Amino acid sequence: MKPVPFEYSAPESVDGVLALLGDDAKVLAGGQSLVPLLNFRLARPERIVDINRIEELAYIRGDDDGSLRIGAGARQAALERSQLVAGRWPLLSQAVRHVGHPQIRSRGTVCGSVAHADPTAELPVALTALDARFHVRRGGGARTLDAAELFAGPLTTTLAADELLAEIEVPALPAGARCGFSEHARTHGDFAVAGAAVVRAPSHAAIALLGAGWTPLRAPAAERALAEGAPAEEVAALAAEPVEDAHRAALTRALVRQAVEEAGA
Amino acid sequence: MEQGGDRSGPGQARPLAQVGRPLPRREDARILSGASRFLDDIDPEGTLHVAFVRSPHAHAKVLGIRALGDELVLTAGDIAGHARALPIQLPEGAWAADEPHPLLAVDEVRYVGQPVAAVLAESRALAEDAAELVEVEYEPLEPVVDPYASTQELLRWERAAGDVEGAFEAADAVVRGHYSMPRVVAAPMETRGAIAFNDRDEGLLTLWCSAQDTHRQLRNLAHVLERAPESIRVVVPDVGGAFGSKGVLAAEAGVVAAAALLQARPVKWAEDRLENFMASYQGRGMHADVELALSREGRMLAIRARIVADVGGYLMPTTAMPPHTAAMLMCGVYRIAAAGIAVSGRRTNKVPTGPYRGAGRPEAAYFVERIVDDAARELGIDPVELRRRNLVRDFPHETPLGWIYDSGDYGGCLDRALELVRPERSEDDERIVATGVGMYVERSGGQFESAEVERAADGTVTIRSSSSPHGQGHATTFAQIAAERLGVDLSAVTMEFGDSALVPAGTGTFASRSVAMAGSAIVRAIEDLEASADGRHGSARFESPLVFASGAYAAVVEIERATGRLRVRRIAAVDDPGTIINPLLAEGQVLGGTAQGLGECQFEEAVYDEEGQFTGASFLDYSLMTAAEMPPVATAFVESPSPLNPLGAKGIGEGGAIGTPAAVGNAIAAALGGASLDPPWSEDKLWRALQAPAPAAVPRFDVVTAARPAGERALIVLGALAAGALAVVLVRRRR
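Line by line, the protein sequences give chains A and B. For the first sequence, the positions run 7 to 271 when my numbering is used. For the second sequence, the positions run 59 to 793 when my numbering is used.
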């Protein structure tokens, strides 16, 4: 379990990173998914571009417009400890506690988890429920995507090889919003099998599902029912309906119900 | 803790009463502060590192091997004059095919991960790079995955005693069941590994090896190299767990030794986790058709069983042991006058099986205890009452199969387990709660161990034991035994083990036998010292027949109707290990064994697809219990001393792994109204059973082929790779 030989660069600036990205390069942030893939010799990039030296990327801050901004270098542990996040985006605080173990969260980054696009990862699902926007940079350009535009399949995003997911923007929650997050994993810290993230406010409802498809999925029919005040059991049944495997659907239904109840609906 | 037994051996003085003290492990400060020395910490100057080219096929002919790189590559042909296949060890009365594990594949591969060639380079990373440049031409053959579909028997054993046929004919009730324990991996925290160096001047080959003990490695290596044992030294450094999987010489370690004979440099193989999943022998993999004949009153008259063991592609040295142990324990803790048991070890295209914590005992306990509960349901007798009517109560007790249970208090264990577990049975719209009991008897002891004791002028004592630890706490328990007998402080005792050049001959650390055998050897060596003229030196070799530990476990489980999720609410673990030297370490053994047993209950299973690929062969898919999943475990001990050794000790290393699956299995069967499901009791399996209209017998092999989301994580990764999501090239086809 040793990686194949690769070139290693650790630029000091974002521009330096962007200059090195391209077809045969991979960004190394926390390395919690990339390094095992390298060790299995399943990932065989020619160049690793390490962004850990760029201190300006390691931020979690509130913006003047009321949104939350998470830089590419921000660790999951920083998200977990953030009082700002706990107070205003509690769904992220709830979700991040389910990511691996404390050792993994101390190295793993929020943006890295999103860019890895595992359909059973917690943070992409929570960010999908929160209508997050993803700011992408490349040499001489930038663009912004929403979750549906970013996540393309299992471990697959629409990020080009020369693009860096530089920042995640999470809009302010509607007034009076409450959140719920639930998941089932075989053991604590294991990859989840199924799960749900729920945001509920007087005129707003969002439900995102974990493990229900190849990307984080919103459940529009269930969201409408929730917004109209339907009971949790009915919302859960609607959310789980499209899930093909019968047992996974049953699990999803139970977890959505739990998350909806946790959100006080 | 129970105070049932008399802790002191016959006529022994106990000046400082060290035996029975719950002392923390003396070795922990050193290990936890990082001062320990594991195999991979040993790095002799000039070492060559080995990476293995392993078979990607479950079954194929090897047509040719071509090395395209510059590094040294060894194939079966290169080591043919220096080493032969591993030996096969057979239990009494067993027949085995002459199909030992070759060190390197000769012209055929029989499981995914089988070593085909060894690449030697200046570092492991370079060796792995070079291994990719070895081209092996294969002609794939049809793999056999299901042992019941296998037409090749590698192992056979049969025994019948008492009037089995007559008892079945005269019985008021005959209960039949089919029960399985799937294959699982041992997954020790430290993987396997070996370093070999041949000192040509001294004529001494030294093997450093992550192993359970020195003696079996040495004997196996002497066989493989056809070399005098005196010309081999085996050193076992600190070992980070084994659970049975490091009991015999690894084929890879044999290759390392052969390579060292060809090179003037040390040769090292430090196994990685991927290799450990693929190529370390697995445990369990036993299936049984069991029949129990009873009278109307619930008297057990005879038991009959056909055990099929999924032994894999070859026989490792100890592959035959677990099925034999399971067979010999098929009378369980009960007075049954007649028994007819047959074992068939079937060749499949999987890694071989071998001992894993319990090694046949968990299988026997599961098979016997499940059918006892099925019989109780059939007869309408309470399962605890049915047990009470049949428990062995007088010792020694010889079973019809020929083993002699030396001591025990089976009824006492059962009473205490029920008291501790507080049985529950309830059912509502959300969940079903039920209780199950599982009893066991386990063979321990047997064969021999040795010890040497030296007392210095300043009163300090050095003890060299033939038994070496891999997590058991020998440095503490053995020192307690010695300090008490010698009347000295614990700090005056130094323990030495793990180097065949320093310690006397012995058997090994397995089967929960260390205290009973090696501890007793220390007692005898001290007696020898005290009888000696100068009082400075003593030595002894201690041997005894088998001793039999026992226990009763009980579990309360809860199944969530909506999802099938299993929650083990609590476990009661009552073990009778004979005299306990250190109750703290004894309880640690119980908790560790229980955790592994619960892993088997909840999710552990080596699932193979129809191509013979182990689909969950990494921690991406294969889960182990963590502290967070552990339910409360109430432990208690009953101490019935063995009359067969001076300590009265039997064994404690495996009880948790033996009793837990039987108890949880019976609790689940009770919750499902008698439906027969085998471990692991995953949420999807339980949920599907709850959807079934009525509790019906589950078809025989559903459990092996059930649609568990096995290998799902690996599939996601590989699926994404196939889609080109990561800039990667797959050189070797893994699935």
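For glycine and all other residues, C-beta sits at the position ideal for the given N, C-alpha and C. Remember, it's a predicted structure, so these values are computed and weren't measured experimentally.
With contacts defined by Cβ atoms closer than 7 Å, B:A318 and B:F226 do not form a contacting pair.
B:W153 sits exposed, since fewer than 16 C-beta atoms from the chains shown fall within 10 Å of its C-beta.
Counting only runs of 3+ residues, the beta strand (DSSP E) found wholly inside the region 118–195 of chain A occupies 139–144, 147–152, 157–159, 170–176 and 184–191, in chain order.
In this structure, the straight-line span from the alpha carbon of A:E175 to that of A:V131 is close to 15 Å.
A:D168 is outside the set of residues whose beta carbon lies under 7 Å from a beta carbon in chain B. Excluding residues up to 5 positions away in sequence, E128 and E189 lie with their Cβ nearer than 6 Å to the Cβ of A:H104 in the same chain. In the DSSP assignment, B:E741 falls within the alpha helix (DSSP H) that extends over E741 to Q749. Within chain B, the residues whose beta carbon sits less than 9 Å from that of A:R192 are Q660, F661, S681, E687, S740 and E741, listed in sequence order. Per DSSP, B:V511 lies in no alpha helix (DSSP H) segment; the continuous beta strand (DSSP E) that holds it begins and ends at F506 to R513. Here B:A179 is not near B:E103, since their CB atoms are 7 Å or more apart. The C-alpha of B:R241 is placed about 6 Å away from the C-alpha of B:G341. If you ignore the 5 residues before and after A:L48, its C-beta comes within less than 7 Å of no other C-beta in its own chain. Taking 7 Å as the cut-off, the beta carbon of B:E618 is found no closer than this to the beta carbon of B:T693. In the displayed model, B:M379 falls within a helix according to three-state DSSP.
In the same chain as B:E601, and ignoring 5 residues on each side of it, the C-beta atoms closer than 6 Å to its own belong to F506, in chain order. Spanning the alpha carbons of A:P222 and A:E13 requires a straight line of approximately 33 Å. For the region 157–189 of chain B, the set of residues with a beta-carbon nearer than 8 Å to any beta-carbon of chain A comprises R182, A183, E186 and D187, in chain order.
Shown here, B:L352 sits in a strand according to DSSP, grouped into three states. Going by C-alpha positions, A:G118 is about 15 Å away from A:L27. Contact between B:R405 and B:S208 holds: CB atoms are separated by about 6 Å, below the 8 Å threshold.
Here the alpha carbon of B:L126 sits roughly 27 Å from the alpha carbon of A:P42.
At a beta-carbon threshold of 9 Å, the residues of chain B lying near A:G195 are T684 and A686, ordered along the chain. CA-to-CA, the gap between B:V177 and A:I66 works out to about 48 Å. The continuous beta strand (DSSP E) containing B:N256 extends over residues G251 to D257. Residues of the region 236–264 of chain A whose Cβ lies closer than 9 Å to any Cβ of chain B, in chain order: D251, A252, H253, R254, A256, L257, R259, A260, L261 and R263. DSSP, read as helix, strand or coil, puts A:E247 in coil. With respect to A:V262, A:A198 sits apart: the two C-beta atoms are not nearer than 7 Å. Against chain A, a Cβ distance below 9 Å from B:G622 picks out H253, A256 and L257.
If you draw a straight line from the Cα of B:R627 to the Cα of A:L165, it is about 46 Å long.
The beta carbon of B:D330 sits closer than 7 Å to some beta carbon of chain A. The Cβ-Cβ distance between B:A385 and B:Y237 does not fall below 7 Å.
Under the three-state reduction of DSSP, B:Q340 is assigned to strand. For the region 9–39 of chain A, the set of positions with a beta-carbon nearer than 9 Å to some beta-carbon of chain B reads P9, V10, P11, D29, D30, A31 and K32 in chain order. One thing to note: B:D634 has its Cβ no nearer than 7 Å to the Cβ of B:V648. Across the structure, B:K326 and B:V314 are spaced so that their CA atoms are roughly 7 Å apart.
Taken in chain order, the unbroken stretches of alpha helix (DSSP H) that lie wholly in the region 637–709 of chain B and span 4 residues or more are 641–660.
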